[in-house]
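Same order as they appear, the protein sequences are chains G, X, W and V. What the first sequence shows, in this note's numbering, is residues 1 to 215, in sequence order. What the second sequence shows, in this note's numbering, is residues 216 to 430, in sequence order. What the third sequence shows, in this note's numbering, is residues 431 to 645, in sequence order. What the fourth sequence shows, in this note's numbering, is residues 646 to 860, in sequence order. All C-beta atoms, glycine included, are put in the ideal place defined by N, C-alpha and C.
4 protein chains.
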Amino acid sequence: MTNAIILGGSRGIGKAISDALKKIEINVFTASKNDIDTSDLKSVKEFIKNHNQTDILILNTGGPAPKQFFSITEEDWKLYHNQLFLGFCTILQNIKINDGGYIFLISSNVIKEPNPKLIISSAYRAAFSEVFKILSKDYAQKNISCINIAPGPINTDRTRELIKNVKEYEKTLPMKRLGEPEEIGNFVKSIIENKIKYLTGVTINFDGANSNYIF
Amino acid sequence: MTNAIILGGSRGIGKAISDALKKIEINVFTASKNDIDTSDLKSVKEFIKNHNQTDILILNTGGPAPKQFFSITEEDWKLYHNQLFLGFCTILQNIKINDGGYIFLISSNVIKEPNPKLIISSAYRAAFSEVFKILSKDYAQKNISCINIAPGPINTDRTRELIKNVKEYEKTLPMKRLGEPEEIGNFVKSIIENKIKYLTGVTINFDGANSNYIF
Amino acid sequence: MTNAIILGGSRGIGKAISDALKKIEINVFTASKNDIDTSDLKSVKEFIKNHNQTDILILNTGGPAPKQFFSITEEDWKLYHNQLFLGFCTILQNIKINDGGYIFLISSNVIKEPNPKLIISSAYRAAFSEVFKILSKDYAQKNISCINIAPGPINTDRTRELIKNVKEYEKTLPMKRLGEPEEIGNFVKSIIENKIKYLTGVTINFDGANSNYIF
Amino acid sequence: MTNAIILGGSRGIGKAISDALKKIEINVFTASKNDIDTSDLKSVKEFIKNHNQTDILILNTGGPAPKQFFSITEEDWKLYHNQLFLGFCTILQNIKINDGGYIFLISSNVIKEPNPKLIISSAYRAAFSEVFKILSKDYAQKNISCINIAPGPINTDRTRELIKNVKEYEKTLPMKRLGEPEEIGNFVKSIIENKIKYLTGVTINFDGANSNYIF
């Protein structure tokens with residue numbers, strides 16, 4: 001039986017991945033913030049005591065509320081350094097991924113085209129993407145695939161908090177709509193289901209043609 | 216019934232995509248070099264007379280033999296300008312993609328990390344990737360997804376021509392093996408099968424963690 | 431005495447580089463379109479007969495008028511393939527750059543963030559940037575530096591043709607102004623003047639913080 | 646009189662920039678680790694009390710000793726989070742840059758092509774590069790230029806610590822040598838000296854054609 005741990009699985013993209021993986025022969029542990037709060041290293045350490053290995057790991061967590069650079073406090077930086085970076089590092093240092101497994105990172109398209117309102121998220125998600133890229137080469141030797149999905153505007157509670165008038169916003173998007181969490185959920189499922197392994201060490205924009213950078 | 220046209224479908228990655236799509240409810244036209252030779256604009260124009268619309272289009276073609284910059288002739292440049300760039304532009308100008316369709320471009324990871332032996336391929340595949348990126352925003356308005364797959368070392372005849380000692384080469388790769396064409400075939404199939412549409416305007420390295428660039 | 435050849439030197443950025451280099455101990459040949467028309471390979475071949483070596487080479491040429499993808503003709507593609515790509519390749523295949531020299535390519539920031547109105551320019555300038563990157567490693571062995579400058583909106587005739595209301599446009603830019611050709615001219619001059627050689631194999635956005643991509 | 650503050654100015658690249666700027670009409674404050682230790686936020690806060698504004702700021706600091714991912718401790722992460730990221734953020738939040746000024750960040754080419762031995766540096770320098778990119782658009786409105794220089798192998802004590810056999814290593818480099826700190830020093834000087842302002846929001850590889858990524 002294949003086991004999966006999904007962080008931030010109680011809503012949004014995490015929940016959609018959880019729902020999708022439950023449709024195939026996978027034993028899914030859907031972690032909510034009660035199970036593990038990546039902004040709190042104690043909580044992370046407690047979690048990894050009870051979950052020290054898995055076949056599939058989904059690294060996923062929400063981001064901070066929008067804040068301009070000059071109003072970000074030292075406490076803000078440190079909190080989100082834990083939540084978006086150090087918690088994930090600690091997890092990868094301690095949870096063994098079984099050979100032939102998968103690690104999916106749900107980051108954000110702000111890592112490529114940083115957003116002034118999401119400066120904390122742009123910074124720390126990029127930092128962890130560097131770590132994840134480096135580790136993908138090591139994990140490859142154990143046939144473990146590392147896939148960094150960088151979503152653009154997805155139809156989640158989070159997006160509705162960030163965007164005031166979603167209807168108006170959607171008109172400005174190339175696809176004239178937000179992405180659906182289920183599209184990402186099904187994408188993750190289909191890679192696992194089809195045993196696609198060579199797709200690794202990669203960052204995949206999932207943003208409905210919204211980004212402008214060539215790659 | 217959904218229709219697909221697959222260029223360069225008689226072998227390698229093209230054939231794998233063709234085989235994969237035949238497993239789902241798709242009416243696949245697998246074009247060989249006899250049907251359309253993208254290096255010959257007359258052949259392209261003849262082809263588009265008989266194939267002026269489709270739901271799914273796979274833009275795929277082989278590359279030139281390795282050649283150092285100073286030995287490339289004007290004829291070489293012009294031939295591969297047709298094959299890797301202008302033929303594809305002509306196709307997109309003339310074949311209507313039906314609303315809700317898909318266009319997959321099979322390019323190469325040399326577009327991001329150019330290869331001195333594959334200088335022609337690096338140049339013209341990058342050029343067409345620029346066109347494809349721009350068009351993805353227009354196609355998005357018709358719910359057509361544009362996905363640029365940039366393969367690394369895949370187990371094809373082409374790779375075996377380029378690499379002398381494949382066994383030795385494989386030892387240098389992070390995954391210790393070439394990618395299988397079927398992995399790309401199944402990847403394409405699963406996107407279509409799962410109706411994943413928001414994955415568009417994107418270039419996806421498919422290279423077994425072989426590239427070094429962060430994104 | 432150090433010799434320089436500057437293509438497209440009669441106006442805009444080319445002229446600014448020419449003016450700047452004349453201020454230091456350099457023997458500048460400022461080529462106008464009458465001397466060499468890179469869209470015409472015969473003209474290129476004639477030019478290289480008389481200019482078969484130099485210390486400093488500035489690859490610079492104007493781009494096409496804006497045109498939407500579906501209205502670009504085969505003749506357009508071929509003309510600008512010559513002008514923006516093949517002419518430059520032919521030049522590098524035939525003009526010897528003396529050891530310790532410099533090659534500057536004036537491309538455009540559309541190579542990183544392609545522009546639908548400048549689709550031809552985005553494609554072929556990217557293609558040549560691939561060639562230039564590859565060659566930079568060879569040239570490095572002869573202590574020749576290859577620097578790709580990718581300008582954003584610069585105060586040239588060209589920009590005033592592309593942008594209807596320059597005053598309004600400037601208000602949308604981070605610096606609230608176009609860049610001045612002299613800034614690029616002085617930049618090129620100062621690199622040569624200070625014998626900075628390790629800056630090579632690099633693409634440098636010169637766009638007043640206008641681009642959004644992280645790198 | 647123009648004032649400059651140079652962090653990490655007692656050796657290597659910092660010292661070379663300091664030496665270069667002293668040759669022009671600039672009042673240079675060369676900060677050593679005794680003046681400000683960016684890994685210690687108390688030290689940073691003390692420093693900014695006495696240096697609350699400048700015209701030119703050079704953000705420069707050494708990186709950690711090489712360490713594999715699985716041996717990095719929580720203390721390591723937190724120390725270098727301060728040194729490479731949070732110290733710099735605190736400085737930019739508190740030191741006013743005068744209108745028309747310059748901020749140079751000396752990062753590393755590992756931000757684009759991350760290095761497994763320099764994983765901490767790859768991560769946090771990338772994170773700060775995101776912040777710096779975002780801020781460049783704000784600073785542009787005050788005619789302040791933000792230039793991120795990403796050096797490759799430069800002839801510093803640091804490089805000699807990282808590389809065992811420098812002579813052998815140099816043979817593997819395109820230019821067959823390390824870069825000289827003076828090349829970066831003179832580069833910075835010449836931008837300031839020539840009042841080049843439109844070069845901003847940019848990351849400049851300074852690596853002797855060593856990197857492989859196209860841009």
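Taking 8 Å as the upper bound for CB-CB distance, I220(X) and T276(X) are not in contact here, some 13 Å apart. By the Cβ test, the stretch 64 to 76 of chain G is not in contact with the stretch 21 to 38 of chain G, since fewer than three Cβ pairs between them sit closer than 8 Å. T371(X) and N539(W) have their C-alpha atoms roughly 36 Å apart. Boundaries around T647(V) are those of the beta strand (DSSP E), 647 to 651, since no alpha helix (DSSP H) includes it.
Identification of chain G residues near Y769(V) by a Cβ-Cβ cut-off of 8 Å yields A127, ordered along the chain. Taking the C-beta atoms as reference points, S767(V) is found nearer than 7 Å to P759(V). Listed along chain G is no residue with a C-beta nearer than 7 Å to that of S233(X); the closest approach is about 16 Å. With a threshold of 7 Å between beta carbons, E113(G) makes no contact with chain V. DSSP places D314(X) inside the beta strand (DSSP E), whose first and last residues are 311 to 321. Uninterrupted alpha helix (DSSP H) stretches at least 4 residues long and entirely within the stretch 218 to 259 of chain X occur at 227 to 237, given in chain order. With 16 or more neighbouring CB atoms inside 10 Å of its own CB, K15(G) falls in the buried class. Rounded to the nearest whole angstrom, the CA to CA distance from D637(W) to I614(W) is 10 Å.
In its chain, beyond the 5 residues on either side, G14, N60, T61, G62 have a beta carbon closer than 7 Å to the beta carbon of G8(G). Contact check between the stretch 89 to 108 of chain G and the stretch 161 to 176 of chain G: fewer than three CB pairs, one atom from each, fall below 8 Å, which does not count as touching.
Think of a sphere of 7 Å around the beta carbon of F285(X): the chain W residues whose beta carbon falls inside it are Q523, in chain order.
Annotated as distal: N267(X) and D314(X), with beta-carbon spacing of 7 Å or more. Relative to K33(G), the option among N27(G), S43(G), E182(G), I134(G) whose CA is nearest is S43(G). For A424(X), no beta strand (DSSP E) segment is defined, and its DSSP state is neither H nor E. One alpha carbon belongs to I191(G), the other to T647(V), and they sit about 58 Å apart.
Chain-order list of chain V residues neighbouring K22(G): empty, with the shortest C-beta distance near 32 Å, by a criterion of under 9 Å. With a cutoff of 7 Å on beta-carbon distance, Q728(V) and T675(V) are scored as not near each other. Within chain V, no residue has its CB atom less than 9 Å from the CB of N425(X), the nearest being about 12 Å off. Your pair Y339(X) and A557(W) checks out as a contact, with CB atoms roughly 6 Å apart and the cut at 8 Å.
For T374(X), the enclosing alpha helix (DSSP H) starts and ends at 372 to 377. Close to chain X, meaning a Cβ-Cβ distance shorter than 9 Å, are the following residues of the stretch 558 to 591 of chain W: F558, S559, E560, V561, K563, I564, L565, K567, D568.
Rounded to whole angstroms, the gap between the alpha carbons of P116(G) and Q68(G) is 7 Å. The Cβ neighbour count for E455(W), taken over all protein chains shown within 10 Å, is under 16; the residue is labelled exposed. Taking the beta carbon of Y643(W) as reference, the chain G residues within 7 Å of it are K112, E113, Y213, listed in sequence order. Under the DSSP assignment, N148(G) falls in the beta strand (DSSP E) whose first and last residues are 145 to 151.
Contact of I549(W) with chain X by beta-carbon distance below 8 Å involves E345, V346, I349. Looking from the CA of F104(G), the closest CA among I214(G), A209(G), G201(G) belongs to G201(G). Chain order gives the chain V residues near M605(W) as A785, Q786, N788, K842, Y843, T845, where near means a beta carbon separation below 8 Å. Identification of chain W residues near I681(V) by a Cβ-Cβ cut-off of 9 Å yields none; the smallest Cβ-Cβ distance measures about 27 Å. Residue-level contact by beta carbon holds for L86(G) and chain V, with a gap shorter than 7 Å. Each residue's CA atom was taken as its position, placing K816(V) and R822(V) some 7 Å apart.
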